[in-house]
């Protein structure tokens, strides 16, 4: 290596490959948990809309709106759960440590898996938004709760696809030696 490459990556020649993969896995696990921002925003929005529905229609719409909010918020948490699973795998059951291969590629796979899970921000926000709007609608028209919940769940299922794609890419980076 010469010049910038030696300056940037020369230090890796003196680092234990397992330590390198573990260090990058720790960074990747932290990056993966950034996806928790999405569910936090989405669930907060849903809770706010349920509280608003309770305030506007405490007699008839408050309790159904709260139930819809709780159901929707639980679904909105899935992208955060996916990210948590990837982070736990990287920290406690890291399949990259025992793989043969170039340490920097394995280390980059660990960081890539963490970065992939950041895509979970979108589904968390989108699903929370759907839950909030459903809670708001149920607060206004409690008799339509079942139709509103069906529509909300269908929309949330579609919104979840990005989180699922991210999970698949992260699992591939961790368990399939793509670059060998």
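Numbering (the numbering used here), first residue to last: 148 to 327. All C-beta atoms, glycine included, are put in the ideal place defined by N, C-alpha and C. Note that the coordinates shown come from a computational prediction; the quantities given were computed from them, not determined experimentally.
Counting only runs of 3 or more residues that sit fully inside the segment 170-216, no beta strand (DSSP E) segment turns up. Between residue 240 and residue 270, the C-beta spacing is not below 8 Å. In the same chain as residue 217, and ignoring 5 residues on each side of it, no C-beta atom comes closer than 6 Å to its own. DSSP, reduced to helix, strand and coil, places residue 240 outside both helices and strands of the structure shown, so it counts as coil. Scanning the segment 281-310 from its first residue to its last, the whole alpha helix (DSSP H) runs of 4-plus residues come out as 292-306. The beta carbons of residue 294 and residue 196 sit no closer together than 8 Å. Annotation for residue 292: 211 and 285 place their beta carbon closer than 6 Å to its own, counting only its chain and skipping 5 residues before and after. Rounded to the nearest angstrom, the Cβ distance from residue 229 to residue 267 is 6 Å, consistent with a contact under 8 Å. Sequence-distant Cβ neighbours of residue 254 in its own chain, meaning closer than 6 Å and more than five residues away, are 167, 168 and 171. Residue range 250-264 is occupied by the alpha helix (DSSP H) that includes residue 251.
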